[in-house]
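Residue numbers (the working numbering): 3 to 255. C-beta: ideal position from N, C-alpha, C; glycine also.
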């Protein structure tokens, strides 16, 4: 059963949510049309995770309006990805906003306490991969997962990776982020007993083709249990890792 619906019904069962409030939540229109956007109000009920605002290509005014609609409809924490510093400054004038420069993300509201089944490890091949890694890490944290960061542990110095075997072996999910030839995902995939999500980055010299070389290498990984998201897609990796890290609730349902 969907996590959002389950929590709502559990609230009715334990008396923290009234029957009338639950009916109202379920009857509320599934989206609100504000002209330039149709804000999805039922996404948390359907998928267990509320809608996220993709900031790139949107004006500050549009982001402010979408966030206002979300807050009005009871969304307590809002993640805004690919948010420029200039737009963040404008949004911050209307809504209390924490801006994370490296991740290019903004968060309105309180960070939730972690409630996943374990820890998500976010590992990068190099320091240049950190912006993508921070987008992945912040996404997972906003959605309720505990994150361990292992930065600059690429295959050019394998001893750096092997120095963190305890973290790798104890993770529930690992996000392996690398440019160049993208070998980190295969190395970690050969060490870990959990799902590994590979993220190719556009870091590298000319023949890396802005991340295409890493993408193809990761898709051809010989390590079992490695899946791949799009180039520089830290958000997608963080979102998927969080879903995996909350599968206990799915099993119990």
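Whole-angstrom Cβ separation of residue i and residue j, contact assumed at under 8 Å?
i: residue 85; j: residue 106; result: 6 Å
i: residue 225; j: residue 186; result: Residue 225 to residue 186, Cβ: 11 Å. No contact.
i: residue 127; j: residue 182; result: 7 Å
i: residue 175; j: residue 246; result: 5 Å
Could you give the distance in angstroms between the alpha-carbon of residue i and the alpha-carbon of residue j?
i: residue 272; j: residue 90; result: This structure cannot speak to residue 272, because the chain is shown only from 3 to 255.
i: residue 99; j: residue 56; result: 15 Å
i: residue 222; j: residue 77; result: 40 Å
i: residue 75; j: residue 241; result: 22 Å
i: residue 10; j: residue 24; result: 7 Å
i: residue 123; j: residue 239; result: 11 Å
i: residue 67; j: residue 192; result: 46 Å
i: residue 220; j: residue 59; result: 29 Å
i: residue 179; j: residue 21; result: 45 Å
i: residue 206; j: residue 115; result: 36 Å
i: residue 61; j: residue 93; result: 10 Å
i: residue 38; j: residue 64; result: 8 Å
i: residue 102; j: residue 244; result: 19 Å
i: residue 142; j: residue 213; result: 23 Å
i: residue 3; j: residue 250; result: Here the model assigns residue 3 a pLDDT of 38, short of 50, so the residue's position is not dependable, and the following value carries that caveat. Those two C-alpha atoms are separated by around 12 Å.
i: residue 160; j: residue 83; result: 32 Å
Taking residue i as part of the beta strand (DSSP E), name the residues at either end of that continuous run.
i: residue 229; result: 228-230
i: residue 217; result: First-last for residue 217: 214-221, but that is the alpha helix (DSSP H), not the beta strand (DSSP E).
i: residue 19; result: Unbroken run through residue 19: none, as it is neither H nor E.
Mind checking which residues open and close the alpha helix (DSSP H) that includes residue i?
i: residue 67; result: 62-74
i: residue 135; result: 132-144
i: residue 117; result: Here residue 117 belongs to no alpha helix (DSSP H), and DSSP marks it neither H nor E.
i: residue 240; result: 236-247
i: residue 164; result: 160-164
Hey, would you say the C-beta of residue i is under 7 Å away from at least one heavy atom of the ligand GTP?
i: residue 223; result: This structure lacks the ligand GTP, and indeed carries no ligand of any kind.
So what does residue i bridge to, in DSSP terms?
i: residue 152; result: 125
i: residue 100; result: 109
i: residue 95; result: In DSSP, residue 95 forms no bridge with anything.
i: residue 80; result: 110
i: residue 42; result: 33
i: residue 56; result: 83
i: residue 201; result: 179
At a Cβ threshold of 8 Å, is residue i touching chain D?
i: residue 249; result: The displayed structure is made up of one protein chain only, and chain D is not part of it.
Curious, which full-length alpha helix (DSSP H) runs of at least 4 residues does the segment 172-199 contain? 186-191
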